[in-house]
Every structure is written in C-alpha cells, then in structure tokens.
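Anchor point for the sequence shown: position 207 equals 207 in full-length UniProt numbering, and the numbering is continuous, going up by one each time. Don't be surprised by glycine CBs; every beta carbon is placed ideally from N, CA and C. Structure first, then comments.
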Amino acid sequence: MGNSLNIAVPALSSEYATSPENITWVMNVYMIATASFLLPATALANFFGYRNLYFSGCLLASAATLAVPLSPTFSILLFARVMQGICLSMVFCSSMALLVDKIDKEKRATAIGFAVGAVYAGLSLSPLIAGVIADSLGWRSIFFVTVIGLFTAGILVRKVLKDLPNSRHFNLPKMSLCFLGIALILLSFSIASYHIPALILVICGIAFLSAYLVFESRSRHPVFPIGLVIGNKTLTLALGASAFNYMSNFSISLLLALHMQFILGFSASHTGVFLVIQPAIMMVLSSCAGKIAKYMNAHTSGSIGMILIFSALVLLHFLHPESSLYHMIICQIIAGIGFGLFSAPNTTIVMSSVKREQLALASALQAITRTVGMACCMAILTTILNSYIDTPHGTKLYTHELSNAISFSFMISALIAIIGCAFCFAGLIYIKKKNNVVI
C-alpha cells in the first residue's frame, strides 16, 4: 500500500487540488493511527486469539480501504486513512505472532524469512502494478485491488488452526490512554513547524502516555510489562535498531518517486518499474534468510545490513536533477541488499527473545517500533518539504526547492542510520559477551 501511494502522489495532488508536499499527510496519518493502536490491538489479540483478530482485522480493513477511494474531500480521505491504519494494526500485531506460534523453534528463521520475503514480494510488485493501474484506470483502482487482497487474506487465515486466547482481560480506559498518548506525540512531530500547537500536543501526549504507564505498572494483567523491555537487553537493542532502521530508510521510495515524477517528468508506470529494484532485492534476500542464518549470526547480518543502508543514503544525498539513472539504480541495489540482510534476522532476534505467551506482545512491539520509525520519518519529511518549498507547483523554482529538500532529507536519514548502526553493534557486542562466542 505504501509503495502504491508513492506512485499516486501526482494523481492525488491533482484530484484534491492540493500541493504534492501536503499529500505526505495521506501516508502520515495512516502511520500515526497504526502505531497508536498497536498496543490496544495486542490486548485484543490476547483477548480474542491471534487468528480471530487477524481475520477481523482483514475484514474491517477491507471496509476502511474501500472508503478511501470513495472520499469526496481531502479531509474525509485522511479520516478514511486513519480508520484503515487502526484496522490494519490488528493484522500487523497478530500476523507474526500467529506464524511463530505454529512453527517449531528450529524452523523459525526459515519461516520468518519466507514471511518477510512474501511481504517484499508484494512491495516489489506494488509499484509496477500501481503505476500501470494509476495510468490506465486511475488511482482509485489501486485501493479496489487492495480490498480484494485483504479479503482474500482473511479467508485464507480461516484455514489456520484456532489458537486459545492468552487473557480474558481488556481494559478499555487504559488502552484509550495509550492510543491517545502515542497519537498526540507522533502528531506533534508532524506539525513541529507550528511551535505552540506542537508543544501543546506533545505535553498532552506525554501526560496521557504517563498515565497509561502508571496504570499498567499497577495492573495485575499488564499488556505491556515494562520489566520485559527494560530487563531484556536483547529485545531492547533489536527494537531500537528496528526503529531507527525504518526511520532512516522508509522515505527512500517516496523521495525517489517525487524526484522522478516532479523533477524528471516520469510517468507513474515508468516510475513504478524503476522502484521495483529495491524491494525485489529485499524479497530475494529475505527468502534466503534461513540459508544465510547457517553462515552468519543474525546480529552480524543485521549490522552489515544497517551499514549498507547508511552507505546508500549517503550516496542519495548527492542526487540532483542532472544525476544519471544509474546513480539511483546503484543506491537502490545497495539499500535493498542492506534491508534484506537486516529485516528477517532482526525479526528472528525479537521473536526468539520472549516466551510463547509474549509472542503477540513481541510482534506488536516490533510493529510499534517499526511503525513509529516510519511515522517519525514521514513527520520529518513533511516538516522538511514544508520548510523548503514556498513556491507553487509547476514553476522552475519549485523544482529547485524540491530537489534541495530531497537532498537534505537523505542527509538527515543518513544521520539517523548512524544511530541504527550503533544499536546493531551494541546488540552484536552484548550477545558476544553473553554467549562468550566469536561472532
């Protein structure tokens, strides 16, 4: 879905008569809603069971996705995207937990690798398919195809053996505090240029989130056992690496799509073909995660992957209107290899560091850190674009300002990637000392 919308930015901008930089809110509100509802969704997964929540999430997300292309105004479109994010968070928090719960530990790395590879197979095909659909049938058809995919996933999961719920407790007021706290904090990042409103939102968000954590620490049935994260260093470092990984590289596809369509003048279908490169490489490497695990420790693989992502972002910082297409191709290849080496091993580390009854929580925590990373990335990108661009779309000066904004965004992403590398190295050193082995 994310890659598909990157291709559809010009069409959405034209349809709703808004500037391309404002279209980033379509992705932004979705990320905020998804990240904010993941912990409440985890409580629902423990209450109803992984399979039941996955099935319900698919059906509800199908309805929300159908509402997106039918939105008559930009405001209603954003609301539909919020509902879509909330519904899909039910899928995200239960999918990996459902998989790991049904797979033996010795086969887990291979299973996770195939699962992540399947995700990237979708990411590989989505730019190409979305580009062709947007050029021939219009951007709305992208969402109609997505509805079919979600409905099919819901039907298929019914064939999986039903699992038993882990808890019979769901505290609605407490989960509401959690949702509001995370949502307000992330929203404040997105409007950082409006200092007073952003400050009010972040203060309210911290207050709500603090209240949630206080209630959670006193609860007999905590959804988020704080001691688990604080006391499990392997889990903490892996989640930190995941957050900064996604915060650094999530914008690559969108920024390249903006560069190709608004600066180079490529069509949606041509841009879609070009953007297949990175996720295709991710898919191949993630599918081989089981084989890679035989020769390389998961922490080592993740560290190498993060270094490659940093290298790609540094090279992309030097992208300008006269740059060769080979420049972008090489950068996509490097980033694809890096992310392919990072993603599945990182998931394996997270899911193998907790007990069975904590699988949904671990899955949700990784989804939260991943989605928070994406949301922060979009918030930073939105702020940069709005700060750099002052002229109307279509002018020569607009192209110059957009190019500068893209270059600066890649530089900030590279700096964030350095922090991700630090988390990877810390995890590598910790596991080496813990196991007293040479990695």
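Among Val350, Met351, Leu275, Arg140, which one has its Cα closest to the Cα of residue 514? The requested residue 514 does not occur in the structure, where the chain is confined to residues 1 to 439.
May I have the straight-line CA-CA distance separating Ser136 from Thr371, to the nearest angstrom? Locating residue 136 in the sequence shown gives position 136, counting from the first residue. Locating residue 371 in the sequence shown gives position 371, counting from the first residue. Roughly 32 Å separates the two Cα atoms.
Cα separation between Asn346 and Asn245? Counting from 1 along the sequence shown, the entry for residue 346 is found at position 346. Counting from 1 along the sequence shown, the entry for residue 245 is found at position 245. Taking the straight line joining both Cα atoms gives about 10 Å.
For Phe189, I'd like the list of residues in its chain whose CB is within less than 7 Å of its CB, leaving aside the five on either flank, ordered along the chain. Here residue 189 corresponds to residue number 189 of the sequence shown, with the count starting at 1. The answer, listed in chain order, is Cys376, Ala379.
Given that a residue counts as buried once 16 or more other Cβ atoms are within 10 Å of its Cβ, and exposed if not, what is Lys291? Counting from 1 along the sequence shown, the entry for residue 291 is found at position 291. Lys291 should be labelled exposed.
Going by Cα to Cα distance, which pick from His320, Thr42, Ala243 is closest to Ile419? The count along the sequence shown starts at 1 and reaches residue 419 at position 419. For Ile419, the nearest C-alpha among the options comes from Ala243.
Alpha-carbon to alpha-carbon, Ile389 and Ser251: What you label residue 251 is simply residue 251 of the sequence shown in a count that begins at 1. What you label residue 389 is simply residue 389 of the sequence shown in a count that begins at 1. Distance between the alpha carbons of Ser251 and Ile389 is about 17 Å.
Relative to the C-alpha of Phe339, which candidate in Ile309, Val273, Leu319, Leu361 has its C-alpha closest? For the purposes of this step, residue 339 is taken as the residue at position 339 of the sequence shown. Ranking Ile309, Val273, Leu319, Leu361 by Cα distance to Phe339 puts Ile309 first.
Determine the closest residue to Ile368 out of Leu428, Leu239, Phe266, Asn435, with distance taken between C-alpha atoms. Taking the first residue of the sequence shown as 1, we reach residue 368 at position 368. The shortest Cα separation from Ile368 among Leu428, Leu239, Phe266, Asn435 belongs to Leu239.
Who are the near neighbours of Ile23 in its chain, counting only those whose CB is closer than 7 Å to its CB and skipping five residues on each side? For the purposes of this step, residue 23 is identified with residue 23 of the sequence shown, where counting begins at 1. Result list for Ile23: Val9, Leu12, Ser13, in chain order.
Could you compute how far the alpha carbon of Thr236 sits from the alpha carbon of Ala192? Here residue 236 refers to the residue found at position 236 of the sequence shown. Here residue 192 refers to the residue found at position 192 of the sequence shown. Whole-angstrom Cα-Cα distance: 28 Å.
Those runs of the alpha helix (DSSP H) which lie wholly inside the stretch 122 to 159 and span at least 4 residues: 140 to 157
What number of angstroms, rounded off, separates the C-alpha of Leu325 from the C-alpha of Pro222? The sequence position of residue 325 within the sequence shown is 325, counting from 1. The sequence position of residue 222 within the sequence shown is 222, counting from 1. Straight-line Cα distance between these residues: approximately 51 Å.
Can you tell me where the alpha helix (DSSP H) holding Cys58 begins and where it ends? Residue numbering aside, residue 58 sits at position 58 when the sequence shown is read from its first letter. Here the alpha helix (DSSP H) through Cys58 covers 50 to 67.
Inter-residue CB distance, Ala362 and Met351 (contact presumed, cutoff 8 Å): Residue mapping note: residue 362 aligns to position 362 of the sequence shown, counting from 1. Residue mapping note: residue 351 aligns to position 351 of the sequence shown, counting from 1. Contact holds; Cβ gap of about 6 Å.
Roughly how many angstroms separate the alpha carbons of Val214 and Met175, rounded to a whole number? Stepping through the sequence shown from its first residue, residue 214 is reached at position 214. Stepping through the sequence shown from its first residue, residue 175 is reached at position 175. Distance between the alpha carbons of Val214 and Met175: 12 Å.
Tell me whether the stretch 26 to 46 and the stretch 77 to 90 touch, counting them as touching only if at least three CB pairs, one residue from each stretch, are closer than 8 Å. yes
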